[in-house]
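Participant:
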Amino acid sequence: MIFTDFLILGIILGGLLFYFLDKKINRLKIKKRLSKAKKAEENAIKFLEEKGYSVVAIQEKQPIVVYIDDKPYPSHVQVDFIVKKGGKRYVVEVKTGQKTRATTAPVRRQLLEYFLVFKPHGILLLDMENGTLKKIEFQWGNNLSLWTKYLVTIFLGLLVGIISWWFFR
C-alpha cells in the first residue's frame, strides 16, 4: 500500500468514526432531554395538584385539518396538560425562563391556537423554573353582540313592565 491508500482509508475510517460518535452523542442528548422533560412533567403535575387543579389529560392531541387551495392537510395540536378546577377546564402550557412571557408573539400565537382548538375556559402558563402559574384568557372584537344581548334584555324587561303596568292598572 502506498501513502495515498492509507490517507484515503484514514479519511473513510475517520468519517465513519465521527458519524457514529455524533450519532451516539445526539442519542445521549435526546435521552437526557427526555429524562429532564419527564421529571419536569412529574413536577408540573404535583405543582398543579397543589394549586387545586385535577389533571384530566397529559399530552392531549386534537386532530385538525388545514386546507390549502382546497387540498386537505391533516395534522394535530398537542398540549402539555388539560386540567379542571371549579368546574372549569383549562389547557396548561409548561415553559421555562424567558419563553414564558405570554406577550411575545410566538407564545401568544401558540396559546391562541390552543384556545381555538381545545375551547377551554382559559390557558394556564406554567413556568416550572420560577414556580409561577399565570391564567391567560383571550377576548377580541368590541363585543357588540354581547352589548346587543344586554340591550335586548333590558328592552324586553321594560316592555314586560310597561305591559304589566298597563294591564293591571
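Residue 118 in the working numbering sits at position 116 of the sequence shown, and the numbers go up by one each step. Beta carbons: idealized from backbone N, C-alpha and C, even for Gly. Keep in mind it's a predicted model, so treat the numbers as computed, not measured.
Smallest Cα separation from Lys90: which of Pro122, Pro65, Ala59, Arg103?
Facilitator: Here residue 90 refers to the residue found at position 88 when the sequence shown is read from its first residue. Ranking the options by Cα distance to Lys90, first place goes to Pro122.
Participant: State buried or exposed for Ala46, treating a residue as buried only when at least 16 other CB atoms are found within 10 Å of its CB.
Facilitator: In the sequence shown, counting from the first residue as 1, residue 46 sits at position 44. Ala46 is buried by the Cβ-count criterion.
Participant: Whether or not the region 62-69 and the region 80-88 are in contact is what I'm after, with contact meaning three or more pairs of Cβ atoms, one per stretch, closer than 8 angstroms; do they touch?
Facilitator: Segments in contact, yes.
Participant: Here's the rule: buried if 16 or more other CB atoms are within 10 angstroms of the residue's CB, otherwise exposed. What is Val68?
Facilitator: To locate residue 68, count along the sequence shown from 1; it is residue 66. Under this definition Val68 is an exposed residue.
Participant: Touch check for the region 92-111 and the region 125-134: three-plus C-beta pairs under 8 angstroms?
Facilitator: Yes: at least three Cβ pairs fall under 8 angstroms.
Participant: Kindly indicate which three-state DSSP category Val159 falls into: helix, strand or coil?
Facilitator: Against the sequence shown, residue 159 aligns to sequence position 157. A small correction: the amino acid at residue 159 is Gly; Val does not occupy that position in the sequence shown. Gly159 falls in the helix class under three-state DSSP.
Participant: Whose C-alpha, out of Lys25, Leu118, Ala104, Gln141, is nearest the C-alpha of Leu135?
Facilitator: Residue 135 sits at position 133 when you count from the first residue of the sequence shown. It is Ala104 whose Cα lies nearest to the Cα of Leu135.
Participant: For Tyr21, name the three-state secondary structure that DSSP assigns.
Facilitator: Here residue 21 refers to the residue found at position 19 when the sequence shown is read from its first residue. It is helical.
Participant: Would you call Leu113 buried or exposed, if buried means 16 or more other Cβ atoms sit within 10 Å of its Cβ?
Facilitator: Counted from its first residue, the sequence shown places residue 113 at position 111. With 16 or more Cβ atoms within 10 Å of its Cβ, Leu113 is classed as buried.
Participant: On a CA-only basis, which of Ile10, Met130, Val119, His78 is nearest Leu50? Give me that one, please.
Facilitator: For the purposes of this step, residue 50 is taken as the residue at position 48 of the sequence shown. Nearest option by C-alpha distance: Met130.
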